[in-house]
Amino acid sequence: MTEIRTPRLILRRWHDDDLAPMAEINADPRVMQWVEGGPVHDLDDTAEAIERWEEEWDDEGFGLFAVELLASGELAGFTGLSVPEFLPEVLPAVAISWRLGSQFWGQGYASEAAQATLEFALQDRGLDRVISIDRIGNQASANVVRKLGMAPDRETTHPVSGHPLRVHAIDLTEYEA
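Written out as structure tokens, the structure reads:
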């Protein structure tokens, strides 16, 4: 089982008892305003998503980690790696992403989890390049991307919602510099 510990977090595979807290995060309009055009997700949508994330672990050897607070054991959300099939123009690529409950915002958890995930991607999984895709205007995500040392790669639009997107990238040599 893949698990990463940071000073404040455990990044791990998904457990059955993660469904309800992740569904709460996905049902929060403040969280989802920057995701897939903004619709909230219910318990069934979240269960299907977790199933897909676990399948990606099995198929690709990477996926989205559940992010657990080390001190309390609370599920804060996710961070991890996925193949961004929704945006064919960037393929083949592996993207890093994150989604935390709003009560966990502004505390550095997303940056801490994303940094550990980026190290996992480039050093443990041997990827040469990782991208990040965020909606233009999402300043919180832009701050995490900046802290990861990723450089702008291109601007595009979401093929379904039409929202403007920014793609950032970092390769192994840039990461090691």
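Note that full-length UniProt numbering gives residue 56 to position 56 of the sequence shown, counting from 1, and the numbers run on in steps of one. For glycine and all other residues, C-beta sits at the position ideal for the given N, C-alpha and C. Fair warning: this is a prediction, and the values are worked out from it, not measured in the lab.
Quick one, are the C-beta atoms of residue i and residue j less than 8 Å apart?
i           : j           : result
residue 98  : residue 73  : no
residue 133 : residue 95  : yes
residue 11  : residue 24  : no
residue 46  : residue 113 : no
residue 43  : residue 53  : no
residue 172 : residue 128 : yes
What are the start and end residues of the beta strand (DSSP E) that includes residue i?
i           : result
residue 170 : 164-171
residue 98  : 95-100
How is residue i classed by DSSP in three states: helix, strand or coil?
i           : result
residue 152 : strand
residue 71  : coil
residue 178 : Residue 178 lies beyond the residue range present for the chain, which begins at 1 and ends at 177; the question has no answer from this structure.
residue 66  : strand
What do you reckon, is the C-beta of residue i under 7 Å from a heavy atom of the ligand MG?
i           : result
residue 166 : As presented, the structure is devoid of all ligands, the ligand MG included, so that no description of it is given.
Would you mind working out which of the options sits nearest residue i, comparing C-alpha positions?
i           : options          : result
residue 167 : 159, 70, 153     : 153
residue 103 : 4, 145, 148, 26  : 26
residue 169 : 90, 32, 140, 124 : 90
residue 80  : 125, 107, 175    : 125
residue 58  : 13, 39, 48, 100  : 13
Is it buried or exposed, residue i, if we count other Cβ atoms within 10 angstroms and call 16 or more buried?
i          : result
residue 68 : buried
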